[in-house]
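Note that the sequence shown ends on residue 1292 in my numbering; no numbers are left out.
Just so it is clear, CB atoms sit at the ideal spot from N, CA and C, and this is done for glycine as well.
This report refers to the structure that appears directly beneath it.
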Amino acid sequence: MPDLFPDVAGSLELEPTAALVMEWAKDLYRTGNASLFCSRLDLSASHRMKQECDLICPWYPEVMMNRKWFIRFLATSLVSDAEGECQVVLLAAGKSPLALELFEVHPDRIVSVIETDIAGLEEKQEIYRAVAPEFADRIRCVHTDIYQKKETEKAIFATGMYDPKRPSVVVFEGISYYLPPGVSARVLSIFCSGSLKNAVILDSLLPCRLVREDRRYISRGIWGVSTGTAISGTRSPTARKRWMGCSHPPGVSRLRITQWMRWRGSGPERTGFFPPAMTDGSGSRLHGCKEGRSLRGCTAP
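The following block contains the structure:
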C-alpha cells in the first residue's frame, strides 16, 4: 500500500513523540478528511525513535491503533447516545484528527469541537480550514496548559462555543500517565454536572505487576524511548525510579476486551473517570465513564 503521508517540505513538523504516535497510528487514517489532514503532517522526527521501538517490539503499532480505534468507537457511541445535540472537548489534543472523524460520522449531532494544547494549534486550525472547510467553523483550537484549571476553563468558555447546559463528550487521551492524579482530577472537574449528562473518555496505564513478567521489558523499553529516559545521562531521578520500577508502563499486548466493570459514584461531585471500564490485562486501560457511572458492561473474548 502506498504511503499516504510522505515527508513533504512545508508540511507541519511534529516533535518526535507526537510524530511517533501518529506514525504508529497512521494506518487508521487512510480515507476521508482524516487522510487529508494527516497528509499535511511531517512525521520525519519519529524515525529514530521508531527504529528503537521496532527493535524492542515490532508489533507495538498495533497497541496504538487499538487505543485510538477504541477511543474513536467510544466517542462516536457517546455522541449517538447523547440526548440531542452535543459538544466535544479534546484536552491535550495534539495532532490527532479525531474531530474530523467524529464530524464525518455525526455531522448533525455535534454542535462544536473545542481542542486544547500548549502549542501548535494555530497550524492545526489552518489545516482544518484547508482540508475540511465544511467543519472548520465548528472547531476551535485554543492554547492552554491543563496544569492550570482556571486558565483552561477560561479558555474553553472564551471560545463562545461551550455551553455548560449541553451534553459534552470529553476526551483525555494519551496524557493522564504523564500527570499527577490531582492535575487530571482538577481539569476534568470542569465538566462535572449534577445531571450526569457529560462523559469522559481517557486511557491510563497499569502497574508493572499486572503486566506479564515476560513482557515487562517491552513496557520498560517503549516507555524509556518515548520519554527519552532510555538514553544514558538524560534520565531524571523521578523518571529513573518510574522506569526501573515500571510503575507506569505503556500497554504491551494486542488489545482485547476482557472485562468492563460497573461502578457508581457517591454523588455529582464525582467525575467517575478513575474506575476502569475496560482493560487489556497487560498494561493499558481505557475508561468510558459517565460522571459516576460506567457506560455499559460486557465481556468479550
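Measuring C-alpha to C-alpha distances from ALA1123 to each of MET1055, ILE1147, ALA1090, THR1143 identifies ALA1090 as the nearest. Taking one beta carbon from each stretch, the stretch 1153-1170 and the stretch 1191-1199 have 3 or more pairs nearer than 8 Å; the two touch. Taking C-alpha positions only, ALA1084 is separated from TYR1138 by approximately 14 Å. DSSP, read as helix, strand or coil, puts HIS1097 in coil. Cβ-Cβ distances below 8 Å link ILE1101 to VAL1070, GLU1076, CYS1077, GLN1078, VAL1079, LEU1093, PHE1094, ARG1129 in the same chain, with the five nearest sequence neighbours on each side left out; the list follows chain order. Apart from the 5 residues on each side of it in sequence, SER1175 sits with its Cβ closer than 6 Å to the Cβ of SER1167 in its chain, given in chain order.
Taking C-alpha positions only, GLU1117 is separated from LYS1156 by approximately 29 Å. Between SER1103 and ARG1131, the CB-CB gap stays under 9 Å.
GLN1139 carries a coil assignment under DSSP once its states are collapsed to helix, strand and coil. Nearest to GLU1125 by C-alpha distance, out of THR1107, ASP1099, ARG1177, TRP1050, is ASP1099.
Residue pairing from DSSP leaves HIS1038 without any beta-bridge partner.
Within the same chain, Cβ atoms closer than 7 Å to the Cβ of TRP1060 are found at LEU1019, the five residues on either side in sequence being excluded. Shown here for LEU1112: same chain residues with a beta carbon closer than 7 Å to its own, the five before and five after excluded, namely GLU1106, CYS1132, VAL1133, HIS1134 in chain order. The residue among LEU1027, LYS1188, MET1055 with its C-alpha nearest the C-alpha of ASP1154 is LYS1188. ARG1131 is bridged by DSSP to ILE1105. The three-state reading of DSSP puts LEU1005 in coil, since its state is none of H, G, I, E or B. Cα atoms of LEU1081 and ARG1177: separation of roughly 16 Å, rounded to the nearest angstrom.
Along the stretch 1050-1102, the beta strand (DSSP E) occurs as fully enclosed runs of 3 or more residues at 1077-1081, listed in sequence order.
As a beta-bridge residue in DSSP terms, ASP1033 pairs with GLU1004. Of the candidates GLU1142, LEU1005, TYR1051, LEU1005 places its Cα closest to the Cα of ALA1036.
Taken atom to atom, the span from the alpha-carbon of TYR1208 to that of PRO1171 is near 24 Å. With a cutoff of 9 Å on beta-carbon distance, CYS1044 and SER1217 are scored as near each other. Here the C-alpha atom of MET1152 lies approximately 11 Å from the C-alpha atom of ALA1146.
Excluding its 5 nearest sequence neighbours in each direction, MET1056 has C-beta neighbours in its own chain below 6 Å: ALA1016, LEU1019, listed in chain order. Distance from the Cα of THR1067 is smallest, within the candidate group HIS1097, ARG1031, LYS1041, ASN1024, for HIS1097. For a cut-off of 8 Å, the C-beta gap from LEU1032 to LEU1003 is around 6 Å, short enough to register as a contact. The three-state reading of DSSP puts TYR1153 in coil, since its state is none of H, G, I, E or B.
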